[in-house]
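The working numbering numbers the first residue of the sequence shown as 2 and each following residue consecutively. From the three backbone atoms N, C-alpha and C, an ideal C-beta is built for every residue, glycine too. Right, one structure below, let's go through it.
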Amino acid sequence: MSDNPVNTNSPGRPKDMAKRQAILEAAKFLFLSNGYASTSMDAVALEAGVSKLTVYSHFNDKETLFTAAVVAKCEEQLPVMYFELPEGVPVETVLLNIARGFHRLINSEESINLHRLMMTTGSQDVKLSQIFFEAGPMRMLQGMERLLGKIDQGGALSIDKPFTAAEHFFCLLKGTANFCLLYGCGGQLSEEAAEAHVQEVVGLFMRAYRP
Numbered sequence: 002m003s004d005n006p007v008n009t010n011s012p013g014r015p016k017d018m019a020k021r022q023a024i025l026e027a028a029k030f031l032f033l034s035n036g037y038a039s040t041s042m043d044a045v046a047l048e049a050g051v052s053k054l055t056v057y058s059h060f061n062d063k064e065t066l067f068t069a070a071v072v073a074k075c076e077e078q079l080p081v082m083y084f085e086l087p088e089g090v091p092v093e094t095v096l097l098n099i100a101r102g103f104h105r106l107i108n109s110e111e112s113i114n115l116h117r118l119m120m121t122t123g124s125q126d127v128k129l130s131q132i133f134f135e136a137g138p139m140r141m142l143q144g145m146e147r148l149l150g151k152i153d154q155g156g157a158l159s160i161d162k163p164f165t166a167a168e169h170f171f172c173l174l175k176g177t178a179n180f181c182l183l184y185g186c187g188g189q190l191s192e193e194a195a196e197a198h199v200q201e202v203v204g205l206f207m208r209a210y211r212p
């Protein structure tokens, strides 16, 4: 069977999506292991077990693939639906779900390695830094900004600057433990300690913006 992508109406579509996922997993592994500059599309194709043509059929170039890999990592812990405001669900519950997902994401081994990679290569490649920032941190900030705007409109909290509030929310969640992980001088928090931190931050946030 050819490695070329199949038509969206073809019975082979699930297999096509499986190849896309394999490419993303290979890209995440290689970017983190070898760095951006040393990771070629040929290497990604070999790692994913597909042809180079298949890689290019899903992702036009290496920058597109890197962006998709960063977005995929964020989506694993913080799907877009987390930034919705379901009717009847308490605002605190929505914020806790986002806080838990974000805390898991930023403290995961892949995320820590990716941030270290960006710190070492970002100053040498401003465009790459911008790609990472827009695909990861900015995407989450914008999702949180939209959510907080809806919460403000609903009257549960009073938030006149949703984007600034989103920055405060995520920065509070990072905390000292994340810095220690990045610097290599600390280990992962226990589940109990992580949950206590998340609960404290959300509680503080709710009190700060309560009408």
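When the options are compared against residue i, the one with the closest alpha-carbon
i: residue 149; options: 130, 169, 132, 134; result: 169
i: residue 107; options: 171, 96, 151, 143; result: 171
i: residue 75; options: 56, 112, 59; result: 112
i: residue 212; options: 188, 153, 202, 121; result: 153
i: residue 158; options: 175, 25, 93, 174; result: 93
i: residue 64; options: 136, 160, 185, 117; result: 136
i: residue 114; options: 37, 126, 200; result: 37
i: residue 51; options: 91, 200, 25; result: 25
i: residue 117; options: 176, 34, 53, 99; result: 34
i: residue 56; options: 72, 126, 91, 17; result: 17
Alpha-carbon spacing of residue i relative to residue j, whole angstroms
i: residue 182; j: residue 89; result: 37 Å
i: residue 151; j: residue 46; result: 43 Å
i: residue 86; j: residue 155; result: 10 Å
i: residue 5; j: residue 131; result: Below a pLDDT of 50, predicted positions are generally treated as unreliable, and residue 5, at 42, falls in that range; the measurement from the model is reported next regardless. Roughly 31 Å separates the two Cα atoms.
i: residue 209; j: residue 187; result: 30 Å
i: residue 198; j: residue 105; result: 12 Å
i: residue 110; j: residue 179; result: 11 Å
i: residue 193; j: residue 83; result: 22 Å
i: residue 162; j: residue 139; result: 16 Å
i: residue 101; j: residue 196; result: 8 Å
i: residue 119; j: residue 95; result: 30 Å
i: residue 184; j: residue 124; result: 18 Å
i: residue 40; j: residue 30; result: 10 Å
i: residue 207; j: residue 77; result: 26 Å
i: residue 203; j: residue 97; result: 6 Å
i: residue 12; j: residue 53; result: Interpretation of residue 12 is limited by its pLDDT of 44, a score under 50 that renders its predicted location unreliable; no figure is taken from the coordinates.
i: residue 42; j: residue 60; result: 10 Å
i: residue 44; j: residue 160; result: 47 Å
i: residue 21; j: residue 73; result: 11 Å
i: residue 58; j: residue 99; result: 33 Å
C-beta contact flag for residue i and residue j at 8 Å
i: residue 19; j: residue 49; result: no
i: residue 146; j: residue 134; result: no
i: residue 205; j: residue 167; result: no
i: residue 69; j: residue 32; result: no
i: residue 28; j: residue 66; result: yes
i: residue 122; j: residue 129; result: yes
i: residue 190; j: residue 103; result: no
i: residue 81; j: residue 176; result: no
Residue-level contact to chain C via CB, residue i, 8 Å cutoff
i: residue 34; result: The chain inventory of the structure shown lacks chain C, comprising one protein chain alone.
Suppose only complete runs of 4+ residues qualify. What are the alpha helix (DSSP H) ranges in the stretch 87 to 139, listed by chain order? Within the stretch 87 to 139, the alpha helix (DSSP H) runs of at least 4 residues that lie entirely inside it are, in chain order, 92 to 108, 110 to 122, 127 to 136.
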